[in-house]
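Each step along the sequence shown adds one to the number in the working numbering, with nothing skipped, and position 143 is 148.
Report on one structure; see the data block that follows.
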Amino acid sequence: MPVLTGPPPVEVHLKRVARARRFSLRVSRLDGKVTLTMPLRAREAEAMAFLRGQEGWLRETLTAMPEAAPSLVGIGSVVPVEGRDLILASGPGRAVVVGGDRLLVPGDPALAGVRVAAWLKVLARDRLAAASTRYAGLVGRRYSTLALRDTRSRWGSCSPDGRLMYSWRLVMAP
Numbered sequence: 006m007p008v009l010t011g012p013p014p015v016e017v018h019l020k021r022v023a024r025a026r027r028f029s030l031r032v033s034r035l036d037g038k039v040t041l042t043m044p045l046r047a048r049e050a051e052a053m054a055f056l057r058g059q060e061g062w063l064r065e066t067l068t069a070m071p072e073a074a075p076s077l078v079g080i081g082s083v084v085p086v087e088g089r090d091l092i093l094a095s096g097p098g099r100a101v102v103v104g105g106d107r108l109l110v111p112g113d114p115a116l117a118g119v120r121v122a123a124w125l126k127v128l129a130r131d132r133l134a135a136a137s138t139r140y141a142g143l144v145g146r147r148y149s150t151l152a153l154r155d156t157r158s159r160w161g162s163c164s165p166d167g168r169l170m171y172s173w174r175l176v177m178a179p
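Here it is in structure tokens:
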């Protein structure tokens, strides 16, 4: 993994892509990760030359990014679920349950975030499968596959052969 020297040093992840025709430099808004995409057959020396040519833009972009605040979900946190803000609380039993304005999470409080994420994904699959079946019926079509992903830039997509892909985070939207 190349490192751009200077104050501060910047780690750059090289990504070789068969379909790439040129070099592309991206900075993730989520975690500040820098990725240099390059054609499969390009030399690393060419990539480094491109990187040095873009160093000014890269450092300016990294400086302008806001500091990431830790986003830990735990007991007492508020989580949006289907348009409602639910407060995470410890609960009995083995399953995550909605109780009024609370989301009751059983088990170790340190694992509450993981359990809630898993529960949200199951809820998203149930709701999105039902909606997809309903709307596919209205237009006289069928879908072949429904997949959930944690996408960064889109809520979902579909393909001509009936594959549907959604972001599981849709269940958190109002």
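We put the CB at the ideal spot given by N, CA and C, even for glycine.
So residue i is in the alpha helix (DSSP H); what residue range does that whole segment cover?
i	result
GLU49	49-58
ALA123	117-143
When you compare each of the options to residue i by their alpha carbons, which one comes out closest?
i	options	result
ALA122	TYR140, LEU153 and PRO165	LEU153
PRO179	VAL84, THR40, ALA25 and THR10	VAL84
SER82	ALA135, ALA94 and TRP160	ALA94
ARG168	PRO12, THR150 and THR156	THR150
PRO12	GLY61, ARG147 and ALA47	GLY61
VAL17	ARG26, PRO44, ALA47 and ALA52	ALA52
ALA25	MET43, MET170, LYS126 and TRP160	MET43
Go ahead and label residue i buried or exposed: buried means 16 or more other beta carbons lie within 10 angstroms of its beta carbon, across all protein chains shown.
i	result
MET70	exposed
LEU116	exposed
TYR140	exposed
Could you tell me the boundaries of the beta strand (DSSP E) in which residue i lies?
i	result
GLY161	161-163
GLY104	102-104
VAL15	15-22
LEU169	168-172
MET43	39-44
(request) Examine the Cβ distances between the stretch 103-114 and the stretch 125-144 and report whether three or more of them are shorter than 8 Å. (result) no
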